Each structure stands twice: as structure tokens, then as C-alpha cells.
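Quick note, the sequences are listed as chains A and B, same order.
Numbering follows this note's numbering, in which position 111 of the first sequence is assigned residue number 111; successive positions increment by one, without gaps.
If you count the second sequence from 1, you need to add 1000 to reach this note's numbering.
Ideal Cβ placement from N, Cα and C applies to all residues, glycine included.
Keep in mind it's a predicted model, so treat the numbers as computed, not measured.
Protein chains: 2
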Amino acid sequence: MTSKSRNPKAYCYEHPRPALTVDIVLFHRSGSRIDVLLIKRANEPFKGLWAFPGGFVDQDESLEAAVARELEEETGLKGIRLEQIGAFGDPGRDPRGHTVSIVFGGVVDRSIQVRAADDAADAAWHSATRPPKLAFDHKKILKLALKRLADSAKQ
Amino acid sequence: MTSKSRNPKAYCYEHPRPALTVDIVLFHRSGSRIDVLLIKRANEPFKGLWAFPGGFVDQDESLEAAVARELEEETGLKGIRLEQIGAFGDPGRDPRGHTVSIVFGGVVDRSIQVRAADDAADAAWHSATRPPKLAFDHKKILKLALKRLADSAKQ
Chain A
1 MTSKSRNPKA YCYEHPRPAL TVDIVLFHRS GSRIDVLLIK RANEPFKGLW
51 AFPGGFVDQD ESLEAAVARE LEEETGLKGI RLEQIGAFGD PGRDPRGHTV
101 SIVFGGVVDR SIQVRAADDA ADAAWHSATR PPKLAFDHKK ILKLALKRLA
151 DSAKQ
Chain B
1001 MTSKSRNPKA YCYEHPRPAL TVDIVLFHRS GSRIDVLLIK RANEPFKGLW
1051 AFPGGFVDQD ESLEAAVARE LEEETGLKGI RLEQIGAFGD PGRDPRGHTV
1101 SIVFGGVVDR SIQVRAADDA ADAAWHSATR PPKLAFDHKK ILKLALKRLA
1151 DSAKQ
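Okay, here's the thing in C-alpha cells:
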């Protein structure tokens, strides 16, 4: 964060670059109930709203490393098996500007205790079918992730 | 390209950003033979090697629009139905620096005539199982795309 105050726009490129994030949709299934892990955003945009754990991919960081880092930073969870669900890149999905998010998903077999930290003011399991109001396009992402979960259960 | 000569590094951000590209793996299946559409790279890196059609996502351009634009620019093809295969972001996969590519795939029912243009010196259908030497990590991407194609044929 030091570089922010010293050098507000220090990273320059020849062509414009969309910002790149990862988000994690983690489900817990118990009988017919499906829960999803959400964090309450500590910062703008959408401060105070619930969202998936996630954040910006660092320079020279693999997508898998970014996902593991963000999940641990915001919820304390480590060693969770995750797979790519898809990339979401519609302009307008993030009020900060053009941001493409690569979404990873997973299922855990119990409602693991989580603790909020870093950019998360809170972290908790919520009903995935009746979630609270979500930040960004996370409602759309949740819908797709639930469809994938249902499809994989059929196989 | 004008902005390039005038302003070599005109796009500045507070945090570093990986570059973002899209690539298109287009198959044509005829009996047991599977062909894949490749372009010969007109520019460095990997100039002269074969690669998937693709390129950088423009500012405020959706991923689907970027894919359609790049496919048309480099091969002349329009209106092809494509779906996301996955994102590839390992540092080191592009010698220009950290570049994440979101790969889209599709299958056409005939070996449509293609014409090279823009960043492509040539465009042609090649055996997908015995392809020429490929640029970047496109060999790895092709392997995954072929697996997806085989999996979808089973369903």
C-alpha cells in the first residue's frame, strides 16, 4: 500500500489493460440445503454488501495461487480443492472500470468455520438459493455456479 | 497504432495488471479425423510459428466481442458459435510478460475456407492430433480442448 501513496499510477503499459480478478464460489451441501460462503465487503465499491471472496491477481501470480491467497486472506480457509467455472468480463460489471473476473468453484462437505480478515468485514455461510443482496454481478455468477453444481450431481 | 508511436506507455494504473488475451480453438471433425484452425504468426514473439487465432482484449470490450473480432480479423470467419474452455494464466507462458488468456472453443461441421489477415501471415486447418510446432502454451491448451471435445462427444 506504500507505493499507492508515493506513486498513485506507477504501472504503465503501451495498450489499455482490463483489471483482472479471481472470485471463489464455495458451496456446502447438507441434504437439500445448499450454502455458499460470502464475505461482507469492507471497502468500496459495494461496501457493506455480501460478495464472493476474491480480489486482484498479482503480477506474475498464477490464477491458482491468486485464488488460494485471496480465499485464505479473506476467510482463513486453506487447502480447498477448486476448479474454474468461467470468466466474466462484461464491461460495466465493476464500477471501478473494466474488470474481468475468473471464477473458481468448489464444494466442501461440512460448514467449515471461517474468520473474516483483510478486505472482508465479515465472512459467513448463507443460503445459496436465497442469498442476501450481492455485490457486482455475483447474483448472475451464483446462478451459473448452482447450475454447474446441479449438472455435476447428475453425472 | 498511432498512439503507440506518440505515447509508448500511455496507460497507467495504481496496481500492476497482467495483460489479457483471448484465443480460439476451432475444430472440424470428419469421421475419425479432427482438424484445428491455426494461424501462422506474422509478428514476434514466436513469429513464423503456428498458433490459435486470438489477441488482446480491448478496453471495455466483452470477452465474446473480443473473440468474434479476433477470429474475423485473423481468419475471416464470422458467426461461429463458441464457448469458454478455460483461462490459462501461468507466469512465463508469454515471453512479453504475464499474460492471461481466456480460451474459447467450437466445432464446425465442415472445413470452412479461411483467409489470413492482420496479425496472421497464414491461416489453415491442421491435424489436431498431429499439429505443427505451436507458439506459447498452445500445445497444452490444444490437449485440454481435445479432451473436452472427447468428453462432450460421450454425453
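Item	Value
Inter-stretch contact at 8 Å, needing at least 3 Cβ pairs: the stretch 1133-1151 of chain B / the stretch 1085-1096 of chain B	yes
Opening and closing residue of the beta strand (DSSP E) in which R1081 of chain B lies	Looking at the DSSP string, R1081 of chain B is not in any beta strand (DSSP E), and its letter there is neither H nor E.
Proximal residues to V114 of chain A (C-beta, below 8 Å), its chain only, five neighbours per side dropped	L37, T75, G76, L77, A123, A124 and W125
Terminal residues of the beta strand (DSSP E) in which H28 of chain A lies	A19 to S30
C-beta contact flag for Q1059 of chain B and P18 of chain A at 8 Å	yes
CA-to-CA distance, R1041 of chain B to E1064 of chain B, given in whole angstroms	22 Å
Selection from A:S101, A:D35 and A:N43 that minimises the alpha carbon distance to A169 of chain A	The question about residue 169 of chain A has no answer, for chain A in this structure spans 1 to 155.
Among A:G48, A:I112 and A:A135, the one whose alpha carbon lies nearest that of G79 of chain A	A:I112
Exposed unless 16 or more other CB atoms sit within 10 angstroms - verdict on P1008 of chain B	exposed
Which of helix, strand or coil DSSP assigns to S111 of chain A	coil
Beta carbon proximity, I1162 of chain B to chain A, threshold 8 Å	Because chain B in this structure spans residues 1001 to 1155, residue 1162 of chain B falls outside the shown range and cannot be described.
L1071 of chain B to H1098 of chain B span [Cα, whole Å]	23 Å
Test item: CB-CB of V1022 of chain B and S1101 of chain B under 8 Å	yes
Integer-rounded CB distance, given that F1027 of chain B should sit under 8 Å from D1035 of chain B	7 Å
Closer than 7 Å: D1035 of chain B CB and nearest the ligand FMN heavy atom	In the structure on display, the ligand FMN does not appear, and there are no ligands present to speak of.
Residue-level contact to chain B via CB, P45 of chain A, 8 Å cutoff	no
Within chain C, partners of H98 of chain A - CB distance below 7 Å	Here the protein chains are A and B, and chain C is not one of them.
Neighbour list for P16 of chain A in chain B, Cβ cutoff strictly below 8 Å	Y1011, D1058 and Q1059
Inter-residue spacing [alpha-carbon to alpha-carbon] between A1051 of chain B and P91 of chain A	28 Å
Rounded C-alpha distance that separates G106 of chain A from D1094 of chain B	29 Å
Counted within 10 angstroms of its Cβ, other Cβ atoms place A66 of chain A as buried (16 or more) or exposed	buried
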